[in-house]
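In terms of our numbering, the sequence shown opens at residue 556 and continues consecutively. What follows is a single structure, written as structure tokens, with notes after it.
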Amino acid sequence: MKAVILQPSYIPWRGYFDQVRKADVFVFYDCVQYDDRGWRNRNKVKAPQGTLWLTVPVNSKGCQTLKTPIADIPILWDAPWSEKHLKTLQLCYSKAPFFREYAELLDAIYTRHDERLVDFTCTSTELIARALGIGHTEFVRSSNLPAKGAKSDRLLSILYHLGATHYISGPSARSYLDLDKFADAGINVEFMEYAYQSYPQLYGAFEPQVTVLDLLFNTGAAAGRHF
């Protein structure tokens, strides 16, 4: 059984969903410390003037000191940020050939009013995966599993619990995974290679580091062939 363990992110890029596609079980790694400079609450879209950040406002004050896990980070609803994000997507992609086909998807994402970031990002990721035609992958959260230890040991405790025999990881993990421990546990480790081809995109030169929504809006039902 193939498993991926990856931190939840806001409307992630194409490579994230490639890992979802490869997995039998995809674990949202939400029991680790929140990083307010990562991709947990933000991502990029392509606009006529270049890329723009869409950021979900959260209350992360003191999270580094308190080592607050991702699962406990609340969303700030003081301002109508979800309406602004939806409007930005409409402005950036209204001329994309398949934008209108995903009106229901956007509505399902941006009408949510979750208290916690993890509920919003995990649910929206699952909705986008289904829109990409990924229907076989089971989603679970590490905060609901008996994850123990640190670093490789914690990952292995999750994989043991799931009964996984194959672990799919991002390429940067080569520098910190204890591969001997995985080998001793009888778990094969596969590292992703993000060598994707470009696809038709609005606004000039191809930009790979944007949300997967860009791929959906520009290629429609063919999006799954661009992994």
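Even for Gly, the Cβ is constructed at its ideal location relative to N, Cα and C. Since we're looking at a predicted model, the values are computed, not measured.
Reduced DSSP secondary structure (H/G/I, E/B, other) of residue i
i: V767; result: helix
i: G779; result: helix
i: H721; result: strand
i: N598; result: strand
i: L607; result: strand
i: R709; result: helix
i: K616; result: coil
i: P624; result: strand
i: I742; result: coil
i: Q574; result: helix
i: K588; result: Looking at the sequence provided, one finds Gln at residue 588 rather than Lys. DSSP places Q588 in strand when its eight states are reduced to three.
i: A658; result: helix
i: L714; result: helix
i: Y749; result: coil
i: K639; result: helix
i: A663; result: helix
Expected contact under 8 Å - CB spacing of residue i and residue j to nearest Å
i: Q574; j: I625; result: That pair is no contact at about 17 Å.
i: A558; j: L714; result: 6 Å
i: F611; j: L672; result: Residue 611 is actually Val in this sequence, not Phe. About 6 Å separates the two Cβ atoms, so the contact holds.
i: F572; j: A684; result: 6 Å
Cross-strand partners of residue i (DSSP beta bridge)
i: P629; result: R671
i: F694; result: F581
i: I560; result: V582
i: W568; result: T766
Contacts around residue i, its chain only, beta-carbon distance under 7 Å, and the 5 residues preceding and following it disregarded
i: Y665; result: S637, H640, L641
i: Y589; result: R595, S615, C618, T623, P624, I625, I628
Member of the options whose CA lies at the smallest distance from the CA of residue i
i: E745; options: K706, R592, S727, L660; result: S727
i: S719; options: S679, Y571, V580, F572; result: Correcting the residue identity first, residue 719 is Ala in this sequence and not Ser. The option with the nearest alpha carbon to A719 is V580.
i: R592; options: H721, S564, S753; result: S564
i: L848; options: D669, Y657, L607; result: Nothing about residue 848 can be read from this structure; the chain reaches only from 556 to 782.
i: R652; options: F772, R780, G779; result: The amino acid occupying residue 652 in the given sequence is Pro; Arg does not appear at that position. When only C-alpha atoms are compared, the closest one is F772.
Beta-carbon contacts of residue i that lie in its chain and below 8 Å, excluding the five residues immediately before and after
i: L711; result: G704, K736, F737, A740, I742
Cβ-based neighbour list, residue i, same chain, cut-off 6 Å, excluding 5 preceding and 5 following
i: E693; result: V580
i: D733; result: S707
i: R696; result: F583, D585
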